[in-house]
Structures are given as C-alpha cells and as structure tokens.
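Just below is one structure, and these are the notes that go with it.
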Ligand SMILES: C[S@@+](CC[C@H](N)C(=O)[O-])C[C@H]1O[C@@H](n2cnc3c(N)ncnc32)[C@H](O)[C@@H]1O
C-alpha cells in the first residue's frame with residue numbers, strides 16, 4: 005500500500021490532520037514530504053506501526069502523546085503523559101509577556117516548559133525560572149530546554165514555595181538568592197536576615213525550622229531574605245535555593261472544575277494534577293495571587309491563564325489584593341502590582 009491509499013483508508017476513522025501527523029512521524033518526514041510523495045510504498049512494519057497509532061487515536065488519546073511532540077510558539081516540544089498537552093491558546097501568555105520585555109520571569113506550573121522555554125528563546129538576555137510540583141514534568145521540561153538550547157532553571161515547588169530538600173543545593177543561578185549554612189554552634193536551625201525593606205520577618209514560618217529535620221522541609225522564604233542554615237546535614241559552604249525577585253510571574257495552573265460539562269474524553273489521558281483544581285477551578289490561582297507579591301519587583305506583572313467564565317471572579321479577587329488589571333489577551337489576564 006502507498007501513503008496516499010493509507011491516508012484515504014484511515015480518514016474514515018480519524019481526522020485527516022492527525023492521520024498525516026501519524027504517518028509523517030512513522031516515516032520520519034514532514035507533512036509536506038508526505039504530500040509530495042503519495043506514491044511512497046509503505047513496508048509492513050510501517051503499516052502495522054501507523055495502524056496501531058490510529059487505533060490509539062480512535063480511543064481518544066491526544067495525537068501529541070501518540071507522536072511524542074507538540075508544536076508551541078513555532079517550536080517542537082517533547083510531550084508525554086507526565087505533562088499537559090500544550091494548548092495553542094497558551095501562546096497568548098507568551099505574546100503578552102514579550103510585549104512587556106521583562107528581565108526576569110518566573111513560570112509557575114511549567115509542565116513541559118513551553119512558556120518558560122519560549123520566553124528564554126524569544127527574549128534576549130532574560131533570566132527564566134520554571135517551577136512545578138511534578139518531578140516527572142520537570143524532567144520533560146529540562147529535556148526540552150536542552151534540546152532547544154534554552155537556558156532555564158527548573159525547580160520543584162509547591163506554587164512559590166521552593167523546597168530546599170527537593171532541589172540540589174550545590175548549584176545556584178543568578179535568579180536565586182544565596183543561603184549559606186553555618187556549622188557554628190551546636191543547635192540546629194536557621195537565621196533569617198532581611199536585605200530588602202519590602203520584606204518583613206513575620207511573613208515567614210520560622211517554626212518550620214525549629215530543628216534540623218524541619219529545616220530540610222523549609223517551604224516559604226520571601227524575597228530579599230538571607231537564610232542561614234546550621235546543621236541539617238549540610239556542609240559549610242553549601243547553599244539552599246531561595247527564589248529571588250522577578251518582573252513577571254506567569255502561570256498556566258490547573259483551572260478545570262471537575263463539574264464542567266467538557267470535563268470528559270481526551271482530558272482522561274492527561275495528568276489530573278495538571279488539569280483540576282478545587283474552588284470552581286480557582287484554588288491554585290487564588291493561592292498564587294496571594295503569594296506572588298513577595299517575589300515581584302515593584303510594578304511587576306502577574307500573568308494568568310484561565311477560562312473566560314472565570315475571568316470575572318479572578319479579577320474581583322485579585323483587585324481585592326491590590327492588583328490592577330492591565331490587559332486581557334485571549335485567555336490571558338495581565339495584572340500589575342500597584
Ligand atoms: C495546566 S498545566 C500547564 C503546563 C504548562 N505551563 C502549559 O502551559 O502547557 C499545570 C501545571 O501545574 C503543575 N502544578 C499543579 N499544582 C501545582 C503546585 N501546587 N505547584 C506547582 N505546580 C503545580 C502541574 O504539575 C502542571 O504541570
């Protein structure tokens with residue numbers, strides 16, 4: 005059978021575009037290459053492989069997982085079932101941020117790293133940090149950054165709480181503040197010093213660090229704060245990662261409410277933690293709105309993606325915390341710290 009006939013056969017079962025993506029992937033050619041040579045004879049192995057992929061697509065699996073990649077902002081990103089399939093509407097966040105021309109960007113819930121990596125490659129000299137709660141997603145993001153030649157630092161976090169224990173403390177990049185452990189004194193604990201007038205100690209959960217084992221689980225350290233860790237299994241001269249200040253915090257966090265009518269079909273193949281959030285889908289977004297000022301420069305921006313039906317509630321909530329809505333760009337909301 006040749007390519008043209010195979011395509012004709014399968015378009016009865018799946019979309020033509022998906023069929024072309026599958027066959028092009030199996031043959032290792034572009035879609036243009038497929039069109040140029042419909043007479044190309046397929047081997048039995050190629051037919052078996054392509055038919056298997058069509059069967060998966062027929063059961064609703066997103067074509068991006070089947071072929072292993074998805075295009076975003078003009079580049080090819082590796083994806084697998086550990087990460088959300090990047091959506092074209094998320095490109096609006098990247099466009100809105102390019103317009104702002106920031107020097108330091110923090111991408112919260114980075115997933116496959118599409119936003120962070122696109123910005124690092126589009127904006128000359130920008131510093132980008134990507135955070136995610138999923139170690140597996142961070143693995144995909146790091147591999148994409150390497151493949152595409154983007155310099156992005158990826159860290160494990162729960163929103164803006166970077167867990168010192170989960171991130172190697174020997175490497176520090178320009179976007180993290182330095183924290184040096186001191187081995188003097190027998191007691192275990194941390195000392196926090198404020199570098200920045202905007203920061204004030206009572207915002208930090210000092211009780212987390214009452215002893216060395218709890219220090220390892222340190223979660224929340226504000227901007228402009230120096231942290232000294234004593235003991236805790238660290239060597240003198242080691243450092244823990246502490247997030248610094250950014251001009252832009254961007255987040256395409258999970259915002260799907262489990263009750264929404266379109267919560268079905270293909271979503272079942274994507275990681276639950278990348279899709280769903282409580283409180284009508286707004287739980288994580290609201291938590292971030294509260295946390296973000298600690299890590300933003302004065303006049304910094306918070307750029308959020310959410311469904312249009314959620315925009316009103318997000319704007320009301322965010323304005324109550326002192327943010328000003330600056331722009332709506334597709335599904336992207338841009339807020340300025342007043
Ligand atoms: C909707 S996906 C977006 C992925 C990517 N930014 C994109 O636009 O395609 C949300 C991501 O947020 C991550 N996430 C969920 N809860 C989180 C939390 N509490 N802290 C950090 N990341 C979280 C998920 O693991 C997932 O990778």
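Residue numbers (the numbering used here): 5 to 342. The C-beta atom is built at its ideal place from N, Cα and C for all residues, glycine as well.
Compute the Euclidean distance between the alpha carbons of residue 263 and residue 271, then round it to the nearest angstrom. 13 angstroms
For residue 42, does the count of other Cβ atoms within 10 angstroms reach 16, so buried, or fall short, so exposed? exposed
Do residue 65 and residue 280 have their C-beta atoms within less than 8 angstroms of each other? no
Presumed contact (8 angstroms Cβ cut-off) between residue 152 and residue 121, rounded CB distance: 6 angstroms
Tell me which residues share the same chain as residue 86 and place their Cβ nearer than 8 angstroms to its Cβ, disregarding the 5 neighbours each side in the sequence. 138, 140, 141, 143, 144, 275
Within the stretch 280 to 322, note down every full alpha helix (DSSP H) run reaching 4 residues or more, in order along the chain. 287 to 295
Residue 57 classed as buried or exposed, judged by whether at least 16 other C-beta atoms fall within 10 angstroms: buried
8 angstroms contact criterion, which residue 299 and residue 164 should meet: CB distance rounded: 6 angstroms
Supposed contact pair residue 95 and residue 77 - C-beta distance, whole angstroms, cut 8 angstroms: 5 angstroms
Just the C-alpha distance for residue 155 and residue 147, rounded to the nearest angstrom, thanks. 11 angstroms
Specify the secondary structure class of residue 336 as computed by DSSP and reduced to three states. strand
Proximity test, residue 310 beta-carbon vs ligand 1 heavy atom, cut-off 7 angstroms: no
Quick check for students: name the residue ranges of the alpha helix (DSSP H) that lie wholly in the stretch 20 to 94, counting only runs of 4 or more. 20 to 31, 35 to 40, 48 to 62, 67 to 71
Taking 7 angstroms as the cut-off, is the beta-carbon of residue 115 closer than that to any non-hydrogen atom of ligand 1? yes
If you run the structure through DSSP and keep just helix, strand and coil, what is residue 146? helix
Should residue 162 be flagged as near chain D, meaning a C-beta pair shorter than 8 angstroms? The structure shown has no chain D; it contains just one protein chain.
As assigned by DSSP and simplified to three states, the class of residue 327: strand
Can you give the Cα-Cα distance for residue 62 and residue 75, rounded to whole angstroms? 21 angstroms
Look at the alpha carbon of residue 312 and the alpha carbon of residue 286, and state the distance between them as a whole number of angstroms. 12 angstroms
Consider the C-beta atom of residue 67 and the heavy atoms of ligand 1; say whether any pair is separated by less than 7 angstroms. no
Just checking residue 123 against ligand 1 - is the residue's beta carbon closer than 7 angstroms to any of the ligand's heavy atoms? no
Expected contact under 8 angstroms - CB spacing of residue 278 and residue 309 to nearest Å: No, residue 278 and residue 309 are not in contact; Cβ-Cβ is about 13 angstroms, not under 8 angstroms.
Hey, quick one: how far does the beta strand (DSSP E) through residue 11 stretch, first residue to last? No beta strand (DSSP E) holds residue 11; the alpha helix (DSSP H) holding it covers 7 to 14.
Let me confirm a value: residue 6 is counted as buried when at least 16 other C-beta atoms fall within 10 Å, else exposed. Which label applies? exposed
For the candidate residues 110, 126, 304, whose alpha-carbon lies nearest to that of residue 327? 304
Under 6 angstroms Cβ to Cβ from residue 103, same chain only, skipping five residues before and after it: list those, please. none
Mind checking whether residue 22 and residue 51 have CB atoms under 8 angstroms apart? no
CB of residue 92 to nearest heavy atom of ligand 1: below 7 angstroms? no
Does any heavy atom of ligand 2 sit closer than 7 angstroms to the C-beta of residue 16? For ligand 2, the structure offers nothing, since it holds only ligand 1.
Check the C-beta distance from residue 114 over to residue 134 and give it rounded, since I have them as a contact under 8 angstroms. 3 angstroms
I'd like to confirm something about residue 161: is its beta-carbon nearer than 7 angstroms to some heavy atom of ligand 1, or not? yes
Which class does residue 157 belong to by DSSP, given the choice of helix, strand or coil? strand
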